[in-house]
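In UniProt numbering, the protein residues as written are 1 to 450.
The beta-carbon is built from N, C-alpha and C at its ideal position, and this holds for glycine as well.
Just so it is clear, the structure is predicted and the values come from calculations on it, not from any experiment.
Report on the following structure.
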């Protein structure tokens, strides 16, 4: 009896161990498949003539509960913003070793002479080959009220061509960071909103495969200086002076004066970066906690207890719109000299460990607040993020000792093999909760099929 019982237990144990082994192999194989999805180019999308009998097939029903190009429930889009002068989508895919990135950003200038049409079309062709989407950051080089109707109408028709001919959907990030004085159209709330609404109407007449992304800069540090404001007493100045104290200061609302209205926005976005410091003298090198985005007291919070800084609740929760970190990243400073301690990295860690911690903790915080938090209490409407994959020289400032300085900041996560390997491992671990290019398809009514 005892031997038979033990033999039976051994058989059951062997069966369970074998079953567990094959389940683990299947899970690993599935993860590999999800990351190494074969490239499947996008097919053209048929769009019936505007106002024709068949044009209703492309109607986007705003009451259906999903915005234009909003991904399916519990899916997340992680994209990259490339330096197209030296980089392109296939090179990015090669560096990652297989993952097909679903969304790539490009910065495009527009004025009354044109909008870099050939560049956009080339980029659309590359994304058609990858089977992904474009985020087009469309930057006027003139004041908002100087863009003529004809050029906006021409651009809207061009988006229809990109959507239909190449099958590439577009998140159109028009006049981004309009709440900053570094843009030609900055601090012009009256003109900016009027031009935004005009382009939105024109786009929607042509296509529903282009979604309008309203994307200011993070309001911390607003108004970012003391210049560029409309004349005192003007309608624009009054709109910016939200607390009616006769001046534009940190106490004013950095967002609402520039919001075109719920009807004219498909996605809500924001530019936000990690320039976090753990002390007064060095850059952040310890891991960034996930609450950096939602704790009211965190430096980069999007859910401030100060109403005028509470971006997420006012513009995402209240409106129900999908949310994108439309430009984000974590800066690693390479050339900050020891004589300027405010901007140098903490030398107590090896450089590679500093870079890994600075960047890994930021992307992990993004994944946690969007799709890994099972309680869905953090930022559940965060549907996408676009990582700024560039290294550039930028101005910094040491307020105590040295004044303005230039510093080389490296935001990239796919060029350093150690950082890249950690990122790819996280992609494997997250699995099919991430959308990948190569499996995406888009319908003319603005629906993502995956």
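message: Distance check for residue 380 and residue 307, CA to CA, integer angstroms please.
response: In a straight line, the C-alpha of residue 307 is about 20 Å away from that of residue 380.
- request: Quick one: measure Cβ to Cβ for residue 409 and residue 332, integer angstroms, because I've assumed they're closer than 8 Å.
  value: About 7 Å; that satisfies the 8 Å criterion.
task: Please go through the stretch 105-157 and give each complete alpha helix (DSSP H) segment of 4 or more residues, from N-terminal end onward.
output: Considered as a whole, the stretch 105-157 harbours 117-130 as its complete alpha helix (DSSP H) runs of no fewer than 4 residues, in chain order.
message: Give me the residue from 165, 204, 93 and 229 with the minimum Cα distance to residue 185.
response: Checked all of 165, 204, 93 and 229; the closest Cα to residue 185 is 229.
message: To the nearest angstrom, how far is the alpha carbon of residue 416 from that of residue 191?
response: Each residue's alpha carbon lies about 43 Å from the other.
query: Is residue 40 closer than 9 Å to residue 329 when the C-beta atoms are compared?
result: Not in contact: residue 329 and residue 40 (Cβ atoms no closer than 9 Å).
- prompt: Using 8 Å as the Cβ pair cut-off and three pairs as the minimum, do the stretch 160-177 and the stretch 232-250 touch?
  reply: Judged by Cβ distances under 8 Å, the stretch 160-177 makes no contact with the stretch 232-250, as fewer than three pairs qualify.
Nonlocal neighbours in the same chain, by C-beta distance under 7 Å from residue 224, ignoring five residues either side: Excluding its 5 nearest sequence neighbours in each direction, residue 224 has C-beta neighbours in its own chain below 7 Å: 180 and 181, listed in chain order.
message: My parser needs the alpha helix (DSSP H) runs of 4 or more residues fully inside the stretch 63-110; what are they?
response: Within the stretch 63-110, complete alpha helix (DSSP H) segments of at least 4 residues are found at 89-96, given in chain order.
- request: Using the Cα positions of residue 80 and residue 131, report the straight-line distance between them to the nearest angstrom.
  value: Their Cα atoms are separated by approximately 15 Å.
query: Which of the three DSSP states, helix, strand or coil, is assigned to residue 240?
result: In this structure, residue 240 counts as helix in the three-state DSSP scheme.
task: May I have a chain-ordered list of the alpha helix (DSSP H) segments no shorter than 4 residues that lie completely inside the stretch 409-440?
output: The stretch 409-440 contains these whole alpha helix (DSSP H) runs: 417-430.
- prompt: Mind checking residue 446: buried by the 16 CB within 10 Å criterion, or exposed?
  reply: By the 10 Å Cβ count, residue 446 comes out buried.
- prompt: Thinking C-alpha only, which one of 137, 246 and 211 is nearest residue 231?
  reply: Nearest C-alpha to residue 231: 246.
message: Does the contact criterion of 3 or more C-beta pairs under 8 Å hold for the stretch 102-115 versus the stretch 357-365?
response: Put simply, the stretch 102-115 does not touch the stretch 357-365. Fewer than three CB pairs are less than 8 Å apart.
Beta-carbon contacts of residue 269 that lie in its chain and below 6 Å, excluding the five residues immediately before and after: Exclusion of the five residues before and after residue 269 leaves 213, 215, 324 and 326 as the residues of its chain whose Cβ lies within less than 6 Å of its Cβ.
message: Quick check on this structure: which residue in 392, 309, 66 and 371 has the alpha carbon closest to the alpha carbon of residue 211?
response: When only C-alpha atoms are compared, the closest one is 66.
query: For residue 393, which residues from the same chain have a beta carbon less than 6 Å from its beta carbon, with the 5 sequence-adjacent residues on both sides left out?
result: The residues are 406 and 408.
query: If you run the structure through DSSP and keep just helix, strand and coil, what is residue 172?
result: Three-state result, residue 172: strand.
field: Extent of the continuous alpha helix (DSSP H) to which residue 200 belongs
entry: Start and end: 189-206.
- request: Please name the residue in 117, 449, 293 and 448 whose C-alpha comes closest to that of residue 218.
  value: That would be 293, whose Cα lies nearest to the Cα of residue 218.
- request: Identify whether residue 55 lies in helix, strand or coil by the three-state DSSP scheme.
  value: Three-state DSSP puts residue 55 in a helix.
task: Leaving out five residues on either side along the sequence, give the residues of the same chain with a beta carbon under 8 Å from the beta carbon of residue 87.
output: Excluding sequence neighbours, residue 87 sits near 389.
query: Do you know how far the Cα of residue 160 is from the Cα of residue 443?
result: Cα to Cα, the separation comes out at about 13 Å.
message: Using only the alpha-carbon positions, how far apart do residue 163 and residue 244 sit?
response: Near 44 Å, if we compare the C-alpha coordinates of residue 244 and residue 163.
field: Separation of residue 430 from residue 49, as counted between CA atoms
entry: CA-to-CA, the gap between residue 49 and residue 430 works out to about 41 Å.
message: Please return the same chain residues whose Cβ sits closer than 8 Å to the Cβ of residue 175, not counting the five positions on each side in sequence.
response: Within the same chain, and ignoring the five residues on either side of residue 175 in sequence, the residues whose Cβ sits closer than 8 Å to its Cβ are 138, 139, 140, 144, 183, 185, 192, 195 and 196.
message: Spatial neighbours of residue 189 within its chain, please: C-beta separation below 6 Å, excluding the five flanking residues on both sides.
response: Closer than 6 Å at the Cβ level, and outside the excluded window around residue 189, lie 236, 239, 257 and 258.
- prompt: In whole angstroms, what is the alpha-carbon distance linking residue 400 and residue 155?
  reply: With a pLDDT of 45 at residue 400, under the threshold of 50, the modelled position of this residue cannot be trusted; read the value that follows with caution. Computed Cα separation, rounded: 47 Å.
query: Which class does residue 355 belong to by DSSP, given the choice of helix, strand or coil?
result: Helix.
query: Just curious, the beta strand (DSSP E) that residue 324 is in, first and last residue?
result: For residue 324, the uninterrupted beta strand (DSSP E) run begins and ends at 323-330, by DSSP.
- prompt: Do you know how far the Cα of residue 419 is from the Cα of residue 61?
  reply: Distance between the alpha carbons of residue 61 and residue 419 is about 42 Å.
task: Please classify residue 365: does DSSP put it in a helix, a strand, or coil?
output: In the structure shown, residue 365 falls within a helical segment according to DSSP collapsed to helix, strand and coil.
message: Less than 6 Å between C-beta atoms, sequence neighbours within five positions excluded: which residues of the same chain meet that for residue 264?
response: Its chain contains 197 and 200 as the residues whose beta carbon lies nearer than 6 Å to that of residue 264, once the 5 sequence neighbours on both sides are disregarded; these appear in chain order.
- prompt: Do you know offhand how far residue 395's Cα is from residue 303's?
  reply: Their backbone Cα atoms lie some 28 Å apart in a straight line.
task: Specify, as a first and last residue, the run of the beta strand (DSSP E) that residue 210 falls within.
output: Run containing residue 210: 210-214, per the beta strand (DSSP E) assignment.
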